[in-house]
Amino acid sequence: MPFFEYDKSRIHYVDIDKRENKSVGLPLLFIHGAGSYHFSWALQLEVFSKTNRCIAIDLSGHGKSDGNGEASIEHGYAYEVAALVDYLDLQDFIVVGHSMGGGVAMSYVLNSEFRSPKALVLVDSSPDLNLAKVVPGLIIEVVEEIRRADHPAFDQYAEKLNMKQYERSMRYLDPTAMQRDLQACNKFDVSDRMKEISIPIFALVGEDDNIITPAIAKNYVQNIHHADLAVVRGANHVPMIEQPEEFNRLFLKFITWVQNNV
Numbered sequence: 011m012p013f014f015e016y017d018k019s020r021i022h023y024v025d026i027d028k029r030e031n032k033s034v035g036l037p038l039l040f041i042h043g044a045g046s047y048h049f050s051w052a053l054q055l056e057v058f059s060k061t062n063r064c065i066a067i068d069l070s071g072h073g074k075s076d077g078n079g080e081a082s083i084e085h086g087y088a089y090e091v092a093a094l095v096d097y098l099d100l101q102d103f104i105v106v107g108h109s110m111g112g113g114v115a116m117s118y119v120l121n122s123e124f125r126s127p128k129a130l131v132l133v134d135s136s137p138d139l140n141l142a143k144v145v146p147g148l149i150i151e152v153v154e155e156i157r158r159a160d161h162p163a164f165d166q167y168a169e170k171l172n173m174k175q176y177e178r179s180m181r182y183l184d185p186t187a188m189q190r191d192l193q194a195c196n197k198f199d200v201s202d203r204m205k206e207i208s209i210p211i212f213a214l215v216g217e218d219d220n221i222i223t224p225a226i227a228k229n230y231v232q233n234i235h236h237a238d239l240a241v242v243r244g245a246n247h248v249p250m251i252e253q254p255e256e257f258n259r260l261f262l263k264f265i266t267w268v269q270n271n272v
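Quick note: the sequence shown uses the working numbering, first residue 11, plus one each step.
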């Protein structure tokens, strides 16, 4: 599995491309949420790698990446994503972030020094990730996310990437990483800067999410002219795992529009 060096740390990522025609389809760059790692996107990597180059990062201190002992969404994780974009020399791509990863994606897009993507996808995320508002439900949802990893599709994905089962289960939730991430979320609020984002934004939110509720998503989306919202029925905070077929259908519709119009 590939790594790159950033700030004296080895950062792990996956880069999967099964396209027959490599000139078709924009690269998709996935960013996981708090306490998680790239494996949370397994059901998207498997499907969309057939039509797009799919890249998913393990932020520092997560998955197989080295930890640096401190976490910052705007001044740490976003810079790791930028370093990966530069390392892979990505030019036109779509960035996708889940929960805290959405905060990382927003921070990345808001930094004018970084290469701008064609579009931004926010999955159960918000411009305001204040710890006091999200922590009770977030811990519950991450634990449930681990349980959902028993889905047979995860095992198939793991086998294809030569990942051992015990490595997956042991790394999926790191209490230390979770603690750092929650502290980073507590400091994150770019609500007053969202209108600075000029690229299309697509927000996906679980119908039953009790962390980033559909009402929260609707509130920030309606204040951005170039943003759209879709609610994933029957899903909570991790719709890409809980309702992968519906999630992938909505996601495909958006990226197809971007590829044809942006």
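C-beta atoms are modelled at their ideal positions from N, C-alpha and C, and glycine is treated no differently.
Is R29 near the ligand ADP - that is, is its Cβ less than 7 Å away from at least one heavy atom of it?
The model depicted lacks the ligand ADP and carries no ligand whatsoever.
C-alpha gap between S208 and F13, whole angstroms
31 Å
Counted within 10 angstroms of its Cβ, other Cβ atoms place H22 as buried (16 or more) or exposed:
buried
Pop quiz: Q108 and S135 are said to be a contact at Cβ under 8 Å. What is the actual Cβ separation, rounded to whole angstroms?
In the sequence as displayed, the identity of residue 108 is His instead of Gln. H108 to S135, Cβ: 7 Å. Contact.
When the Cα atoms are used, what is the spatial distance from E177 to H235?
Low confidence applies here, because E177 scores a pLDDT of 44, under 50, leaving its location unreliable and the question unanswered by this model.
Buried or exposed: where does A52 fall if 16 or more other Cβ atoms within 10 Å of its Cβ makes it buried?
buried
Tell me the DSSP bridge mates of A213?
L132 and L239
Go ahead and label R20 buried or exposed: buried means 16 or more other beta carbons lie within 10 angstroms of its beta carbon, across all protein chains shown.
exposed
Contact set for V105: own chain, Cβ-Cβ below 6 Å, skip 5 residues either direction
L39, A115, P127 and L130
DSSP state of L94, grouped into three classes?
helix
In angstroms, rounded to a whole number, what distance separates the CA positions of N271 and D76?
39 Å
Residue span of the beta strand (DSSP E) that contains G107, given as start and end:
I104 to H108
Specify the secondary structure class of V248 as computed by DSSP and reduced to three states.
coil
Which residues in the same chain have their Cβ closer than 6 Å to the Cβ of I26, if we skip the five residues on either side of it in sequence?
L55, S59 and C64
Tell me the rounded alpha-carbon separation between I277 and G35.
No answer is possible for residue 277: it lies beyond the span of the chain, which begins at 11 and ends at 272.
DSSP state of I26 mapped onto helix, strand, coil
strand
Distance between L132 and T266 (C-alpha atoms, nearest Å):
16 Å
Beta-carbon proximity of P224 to V248, cut-off 8 Å:
no
Measuring only the C-alpha atoms, how far is I251 from E206?
31 Å
In whole angstroms, give me the CA-to-CA distance for E217 and N246.
6 Å
To the nearest angstrom, how far is the alpha carbon of G45 from that of E80?
13 Å
Can you tell me the Cβ-Cβ gap for F257 and F212, rounded? I've got them flagged as a contact below 8 Å.
The Cβ separation is near 12 Å, so there is no contact.
Buried or exposed: which applies to H85, given that a residue is buried once 16 or more other Cβ atoms fall within 10 Å of its Cβ?
exposed
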